[in-house]
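Participant: Take a look at the following structure, please.
Numbering (the numbering used here), first residue to last: 2 to 243.
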């Protein structure tokens, strides 16, 4: 994988940083869209000191981007493609969030729009623009993070489940549309992820059953590897003990 170029959205997040580090460990060059360089630098030490344990991180690059802006995403992808001479091999969509529980009768359009913008449109913008580059090169691997709520009825979570169902449908659809271009798109559907934010409300017993971010990063790496080149339009469940 030493010659591969990847974009990892949400790369500074609690899950994304594990994926970024896994990819870099495997020799993949990674571009991380971040709201600011400060946000990026607070997560990754990009020291060029060869004696530093962080020297491997020289293959991580940050470019500022508003993932919810169609124009900003288009510019980001075009810039990466230009820097890499038209080459983007891998896209991992991890940007997302959840809202407070509300029944449909109480759900505001503001919350609905927020979930669609954050969970669906970010994945849509990056997938659409990156797939254009991949189509030209007849190669690509795209993985998006879905959610159990996107596949099952989830009372009180309609806005979230609707937006995540859209992500799953996006992966299924574009995978069929681009299968002749050697572009493989899949969705990974985790249970509750062991993140600092989730630990604030989970009990010790709960946490034991949650999916670890490093486990997700390992699975994603396998999905995008060529030994699983036949895998497409799949919904890979990583539920832990959910």
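Ideal Cβ placement from N, Cα and C applies to all residues, glycine included.
From a predicted model like this one, the values you see are computed outputs, not experimental measurements.
#1: Using three-state DSSP, classify residue 233 as helix, strand or coil.
#2: Can you list, in chain order, the residues of its chain with a C-beta nearer than 8 angstroms to that of residue 237? Leave out the 5 residues immediately preceding and following it.
#3: Between residue 65 and residue 96, how many whole angstroms is the CB-CB distance? I'm expecting something under 8 angstroms.
#4: Tell me residue 35's beta-bridge partners as DSSP assigns them.
#5: Whole angstroms is fine: what's the gap from residue 147's alpha carbon to residue 86's?
#6: So, helix, strand or coil for residue 123, using DSSP?
#7: I'd like the ranges of any beta strand (DSSP E) spanning at least 3 consecutive residues and lying wholly in the stretch 80 to 122.
#8: Return helix, strand or coil for residue 10, following the three-state DSSP convention.
#9: From this set, 90, 98, 74 and 79, which residue's C-alpha is nearest residue 17's C-alpha?
#10: Using the beta-carbon count (16 or more within 10 Å), is residue 34 buried or exposed?
#11: Is the beta carbon of residue 6 less than 8 angstroms from the beta carbon of residue 88?
#12: Per DSSP, residue 191 is paired with what?
#13: Around the Cβ of residue 43, are there at least 16 other Cβ atoms within 10 angstroms (buried) or fewer (exposed)?
#14: Using a 10 Å radius around the Cβ and a threshold of 16 neighbouring Cβ atoms, would you call residue 201 buried or exposed?
Facilitator: Concretely, from the data shown:
#1: coil
#2: 187, 188, 189, 190, 220 and 224
#3: Their Cβ separation, rounded to whole angstroms, is 14 angstroms, which puts residue 65 and residue 96 out of contact at 8 angstroms.
#4: 65
#5: 31 angstroms
#6: helix
#7: 91 to 94
#8: strand
#9: 98
#10: buried
#11: yes
#12: 239
#13: exposed
#14: exposed
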